[in-house]
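Visitor: Below: one structure in structure tokens.
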Amino acid sequence: MTEGAPCLRAEHLSFRWPSGQSALHGCDLTIPSPGLWMLVGSNGSGKSTLLRLIAGLLEPGGGRLQTPLKPALVFQNPDHQLLLPSCGSDVELSLPPQLSRSERLQAVEQALEQVGLTGFRQRPIHSLSGGQKQRLAIAGALACRGQLLLLDEPTALLDETSQREVLQLIHALSRRPEQPITALWITHRLEELDWCDGAALMQAGRIGPWRSGASLQQQLRPLAPGKG
Ligand SMILES: Nc1ncnc2c1ncn2[C@@H]1O[C@H](COP(=O)(O)OP(=O)(O)O)[C@@H](O)[C@H]1O
Ligand SMILES: [Mg+2]
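In this note's numbering, the protein residues as written are 944 to 1171.
Pasting the structure below:
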């Protein structure tokens, strides 16, 4: 990464779906450094559309999007992302094509180790817990050399234990001494903001400034249904 360049800079992004529905307009977002950055916003505010633009799956209608990092998406439901029957074969699918057989094996083992799934290479995916599946999806993102992880409500379907596993994993990856990842994490679970390096609120296709997780929690807690 170029010294001093932000991990992501989005300026005045706009996007309209073919249906005519505007999803983003005048959306600005700068991620200054590696870390765990969280976005919160009500349904339909444009969060998933933004991640698809950053991932390159959609083209912005206007504005600029710059990042020196390779993006990789992680979805809410890992079953939509995991394609092959065993953990090793699924991670292998994400590897760059030019590697030799032994390099592939080593890269698979390494990716599994990075997400705490050492020894899982031959395990069938259907035998994994939800949290293990989500960590396997993250192993795929790391195996394809993803440096900017785009996580779209990655814990929404997980129980509390698995939620914590995935949060701790991304938090640790964003702090590893060599090539710390940059994570942009979308959540509805306000308690997750305890873990972030910065949090921002998305509303009607635009994003507010970075704030501390605690200050956003304080603003939103009284609005969250059923939370004390
Ligand atoms: N595939 C799609 N086709 C048409 N409109 C869409 C599509 N996906 C999202 N939208 C619309 O774009 C806006 C932003 O949606 P989305 O990015 O999914 O928001 P969020 O992830 O914050 O819930 C909403 O008005 C939504 O209805
Ligand atoms: Mg969404």
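Beta carbons: idealized from backbone N, C-alpha and C, even for Gly.
1) State the Cα-Cα distance for the pair E1121 and Q1090, rounded to the nearest angstrom.
2) How would you write the range of the alpha helix (DSSP H) that G1158 sits in, first residue to last?
3) Three-state secondary structure (DSSP) at A1082?
4) DSSP beta-bridge partners for E954?
5) Which of the three DSSP states is assigned to R1047 in this structure?
6) Could you pull the DSSP bridge partners for R1149 from this structure?
7) Does the Cβ of E1103 have 16 or more other Cβ atoms within 10 Å, making it buried, or fewer, making it exposed?
8) Using only the alpha-carbon positions, how far apart do C1087 and S1045 sit?
9) Check whether the segment 1009-1025 touches the segment 1048-1066, counting contact only when three or more Cβ pairs, one atom from each stretch, lie closer than 8 Å.
10) Mapping DSSP to helix, strand and coil, what is W960?
11) If you measure between the beta carbons of L1163 and I1129, is that distance less than 8 Å?
12) Using three-state DSSP, classify I974 as helix, strand or coil.
13) Please confirm whether any heavy atom of ligand 1 lies closer than 7 Å to the CB of W914.
14) Buried or exposed: G1171, going by 16 or more other Cβ atoms within 10 Å of its Cβ?
15) Please enumerate, following chain order, all residues with a beta carbon closer than 5 Å to at least one heavy atom belonging to ligand 1.
16) Count the C-beta pairs between the segment 978-992 and the segment 1060-1069 that are closer than 8 Å, then say yes if the count reaches three, no if not.
17) Would you call L951 buried or exposed, if buried means 16 or more other Cβ atoms sit within 10 Å of its Cβ?
18) Given L1001, which residues of its chain have a CB within under 6 Å of its CB, disregarding the five upstream and five downstream residues?
19) Could you tell me the distance, in whole angstroms, from the CA atom of T1010 to the CA atom of S1029?
20) Relative to the alpha-carbon of L1112, which residue among Q1146, A1143, H1131 and K1076 has its alpha-carbon at the smallest distance?
21) Using DSSP's beta-bridge definition, name the partner residues of D1033.
22) Are R1078 and L1060 closer than 8 Å when you measure CB to CB?
23) Assuming A1084 and L1092 make a contact with CB atoms under 8 Å, what is their CB distance in whole Å?
24) Kindly indicate which three-state DSSP category L1101 falls into: helix, strand or coil?
Guide: Quick look at the numbers:
1) On the sequence shown, position 178 is the one that residue 1121 refers to. On the sequence shown, position 147 is the one that residue 1090 refers to. Using only the alpha carbons, I get a separation of about 12 Å.
2) As a working note, residue 1158 is residue 215 in the sequence shown. Note on identity: in this sequence residue 1158 is Ser, with Gly being the wrong assignment. Counting along the chain, S1158 sits inside the alpha helix (DSSP H) bounded by residues G1156 to L1163.
3) As a working mapping, residue 1082 is identified with position 139 in the sequence shown. Correct three-state label for A1082: helix.
4) Looking up residue 954 in the sequence shown gives position 11. According to DSSP, which records beta bridges pairwise, E954 is partnered with R1007.
5) Walking along the sequence shown from the start, residue 1047 turns up at place 104. In this structure, R1047 counts as helix in the three-state DSSP scheme.
6) The residue labelled residue 1149 in the question sits at position 206 within the sequence shown. DSSP output for R1149 lists Q1146 as bridge partner(s).
7) One-based indexing of the sequence shown puts residue 1103 at position 160. Classification for E1103: exposed.
8) On the sequence shown, position 144 is the one that residue 1087 refers to. On the sequence shown, position 102 is the one that residue 1045 refers to. Answer to the nearest angstrom: the Cα atoms are 17 Å apart.
9) As far as the Cβ criterion goes, the segment 1009-1025 does not touch the segment 1048-1066, which means the pair count is below three.
10) Indexing the sequence shown from 1 puts residue 960 at position 17. Coil.
11) Residue numbering aside, residue 1163 sits at position 220 when the sequence shown is read from its first letter. Residue numbering aside, residue 1129 sits at position 186 when the sequence shown is read from its first letter. Annotated as distal: L1163 and I1129, with beta-carbon spacing of 8 Å or more.
12) Along the sequence shown, one-based indexing puts residue 974 at 31. For I974, the secondary structure class from DSSP, reduced to helix, strand or coil, is strand.
13) Residue numbering for the chain in the displayed model covers 944 to 1171; residue 914 lies beyond these limits and cannot be assessed.
14) Position 228 of the sequence shown holds residue 1171. Any reading at G1171 needs caution, since the residue's pLDDT is 40, under 50, leaving its predicted position unreliable; the model's value is listed next. G1171 comes out exposed.
15) Answer in sequence order: W960, S962, Q964, A966, N986, G987, S988, G989, K990, S991 and T992.
16) Per the Cβ contact rule, the segment 978-992 is not in contact with the segment 1060-1069 (fewer than 3 Cβ pairs under 8 Å).
17) Taking the sequence shown and counting its residues from 1, the one referred to as residue 951 is at position 8. By the 10 Å Cβ count, L951 comes out buried.
18) Taking the first residue of the sequence shown as position 1, residue 1001 is located at position 58. Contacts found: R995.
19) Taking the first residue of the sequence shown as position 1, residue 1010 is located at position 67. Taking the first residue of the sequence shown as position 1, residue 1029 is located at position 86. Cα-Cα distance, rounded: 33 Å.
20) Within the sequence shown, the letter at position 169 stands for residue 1112. Of the listed residues, the one whose Cα sits closest to L1112 is K1076.
21) Indexing the sequence shown from 1 puts residue 1033 at position 90. Beta-bridge pairing by DSSP links D1033 to no other residue.
22) Position 135 of the sequence shown holds residue 1078. Position 117 of the sequence shown holds residue 1060. Contact flag set, yes.
23) Start at 1 with the first residue of the sequence shown, and residue 1084 comes out as number 141. Start at 1 with the first residue of the sequence shown, and residue 1092 comes out as number 149. In this structure, A1084 and L1092 form a Cβ contact; the two beta carbons are roughly 6 Å apart against a cut-off of 8 Å.
24) The residue given as residue 1101 occupies position 158 in the sequence shown. L1101: coil per DSSP, three-state reduction.
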